[in-house]
Each structure stands twice: as structure tokens, then as C-alpha cells.
Amino acid sequence: MESKNIFNKLNNWDQKVILKYNGIGGNVFTNFLKIVSFFGRETLWIVLMVFYLFIWYAPFLFSNISAIFLLGVIIIAPVKKSFDRERPFETLKDINVLERKPTSRSFPSWHVYNVISQGLLFAYLLNSIAITIIVSIFTVIVSFSRIQLGVHYPSDVIFGFFIGIIGFLLAVIIVAPILLRMITFFEQFYGGTIHYHVINPLLFENIWYLILVIGIDTLVILVAIYKRIKEIFESIK
């Protein structure tokens with residue numbers, strides 16, 4: 038009974054906060070938050086993984102970014118399915134959705150997970166206090182954007198934040214080193230010269246390799262915008 042009361046209080050607080058800040062700041066501020074919010078999308082990090090694997094081969098960066106992304110899939114996706122929380126615009130009639138309506142469940146925020154976990158990774162790798170501060174500020178802005186745009190409750194972004202920290206730690210300490218060892222193991226079976234931290238010469242020397250890379254990037258982008266393309270075609274009909 039007590040846990041139910043806590044949940045009800047949290048839900049009431051969530052609704053009160055999102056109704057207060059949804060759409061605040063006007064069109065210019067909203068457009069700014071839409072741009073900032075993009076950095077939390079999975080598409081960006083998949084493109085980076087493709088970049089560090091096929092274009093600018095950097096196995097250390099690839100393994101770390103991939104580890105965080107993989108942990109997001111393993112942790113966030115099942116939690117979303119388990120809690121099955123509806124989006125704010127699905128339960129509150131006064132919410133204005135200021136970006137394309139997401140179709141996944143609301144809790145927790147995958148955008149915030151991505152920004153805090155990947156941001157902490159780069160701050161850690163660069164060993165920079167300044168980058169850490171920038172990442173912290175940027176995470177707050179992205180977190181607020183999810184509320185202002187009407188797609189997440191405050192508790193969604195709060196839990197996404199803490200899961201992101203856990204994901205970062207697990208990736209750096211456990212998962213990324215394992216991935217890096219696997220990559221190093223398979224490198225020994227490659228018959229050609231491996232070029233590290235430079236643009237891959239195969240992009241200029243092998244037309245099929247170039248087509249492969251372009252094809253993968255195109256596929257990632259098409260999957261990301263598929264729903265938007267579908268909406269456009271349906272509106273034309």
C-alpha cells in the first residue's frame with residue numbers, strides 16, 4: 038500500500054511538472070531544444086560506430102561507444118517493456134507534442150541515457166574537467182528538452198540519467214575491454230595491412246568497400262527516418 042502511495046505521489050509530481058514546462062519558452066527555444074535533443078538519438082551513435090569501424094579505424098573508441106550502446110539495448114529496452122509506461126501525450130490531454138511522436142514506451146528516457154553515458158565516456162577519455170562540465174550542462178539541457186517537448190515525464194529522464202551512469206561504468210570497466218580483446222583477436226586473421234587512426238585507404242582503393250560503407254550508412258539513416266518517410270507518403274495519398 039505504501040509503495041502504491043509513493044508511486045501515486047511521483048505520478049502526480051510528474052504530471053504537475055510536465056504540464057508546467059511543456060512548450061515553455063516559445064518557438065525559438067523549442068526549435069533549439071529539438072536540435073539539442075537529436076544528440077540523444079541512437080542513430081547518431083550508430084553512425085559513429087560505423088565511422089570508427091569502417092572509415093577511421095579506431096578499435097578502442099569503437100569498442101567503448103559500442104559497449105555503451107549495447108548496454109543501452111540490454112538495459113533500457115527491457116525496462117521500457119517491463120514498466121510499459123505510456124507517454125505523457127497518451128495520458129494527458131493538455132500536452133502538446135512538439136516533435137514527432139515517439140512510439141516506444143516512456144520509462145526510462147533512452148535519449149538521456151545516451152547523452153550522459155556517451156558524454157561521460159568522452160570526458161573520461163579526454164581526462165578533461167572542462168569537458169565534464171560541458172557534458173553535465175548538455176545533459177541537463179537534453180533532459181529538460183524531453184520534458185519541454187512533451188515526450189517524457191521528469192522521472193523518465195531522472196532514471197535515464199542514473200542508468201546512463203551505470204551503463205558508462207559497466208562499459209568502461211567490463212564490456213569495452215572484452216570487446217577490444219575480441220577485436221584484437223580477430224585482427225590477427227586479417228591478411229592485409231590494418232591502418233589505425235587514419236582514413237581507411239580501402240575507401241579509395243576498393244570500390245566495393247566504398248559501396249559497402251555508403252550502403253551501411255544509408256541503411257542506418259533510412260531506418261532512422263523510415264517512419265517520417267511513411268508519414269509523408271501517407272499524407273500525399
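Each number in the working numbering corresponds to the 1-based position in the sequence shown with 37 added. Every residue, glycine too, gets a C-beta built ideally from N, C-alpha and C.
Residue i, buried or exposed, once every other Cβ within 10 Å from all chains shown has been counted against 16
i      : result
Gly197 : buried
Ser119 : exposed
Pro191 : buried
Ser165 : exposed
Arg218 : exposed
Thr255 : exposed
Thr176 : buried
Gly228 : exposed
Asn42  : exposed
Ile72  : exposed
Asp51  : buried
Ala160 : buried
Ala167 : exposed
Closest Cα partner of residue i within the set the options
i      : options                           : result
Val152 : Val260, Thr80 and Leu239          : Thr80
Leu107 : Leu249, Ala160, Phe205 and Lys138 : Phe205
Ile184 : Val116, Leu70 and Gly201          : Leu70
Leu158 : Phe75, Ile105 and Thr255          : Ile105
Val134 : Val188, Arg78, Lys53 and Thr176   : Val188
Gly280 : Ala208, Ser182 and Leu217         : Given that the chain is displayed from residue 38 to residue 274, the structure contains no residue 280 and the question cannot be resolved.
Arg137 : Ile112, Leu186 and Gly156         : Leu186
Ile211 : Asp51, Ile195, Ser103 and Ile244  : Ser103
Ile262 : Asp121, Phe126, Pro139 and Gly228 : Pro139
Val209 : Trp245, Val172 and Phe99          : Phe99
Asn237 : Val87, Pro125, Val179 and Ala167  : Val87
Asn48  : Ser180, Leu129, Tyr161 and Val179 : Leu129
Phe126 : Thr67, Glu224, Ser173 and Gly60   : Gly60
Gly77  : Phe223, Gly156, Ile244 and Ile203 : Gly156
Leu207 : Thr67, Val65, Asn101 and Lys46    : Asn101
Phe222 : Lys57, Tyr58 and Pro96            : Pro96
Ile111 : Phe226, Tyr233, Ala160 and Ile203 : Ile203
Phe199 : Leu162, Ile113, Leu90 and Ile168  : Ile113
Leu249 : Leu90, Ile174, Asp121 and Ala213  : Leu90
Paired residues, beta bridge with residue i - DSSP
i     : result
Trp93 : Ile236
Rounded Cβ spacing between residue i and residue j (contact assumed at less than 8 Å)
i      : j      : result
Asp193 : Ser146 : 5 Å
Tyr94  : Ile215 : Actually they do not touch by this definition, with Cβ atoms about 19 Å apart.
Ile83  : Val235 : Actually they do not touch by this definition, with Cβ atoms about 22 Å apart.
Ile251 : Ile132 : Their Cβ separation, rounded to whole angstroms, is 40 Å, which puts Ile251 and Ile132 out of contact at 8 Å.
Gly109 : Val149 : The Cβ separation is near 11 Å, so there is no contact.
Ile92  : Leu240 : 7 Å
Val179 : Ser74  : 6 Å
Glu123 : Ser143 : 6 Å
Range covered by the alpha helix (DSSP H) that runs through residue i
i      : result
Gln155 : Trp147 to Leu163
Ser192 : Pro191 to Leu207
Ser180 : Ile166 to Gln185
Asn68  : Gly63 to Ser74
Leu217 : Ala213 to Glu224
Ile83  : Glu79 to Val87
Phe144 : From DSSP, Phe144 is part of no alpha helix (DSSP H); its letter is neither H nor E.
Thr128 : Pro125 to Thr128
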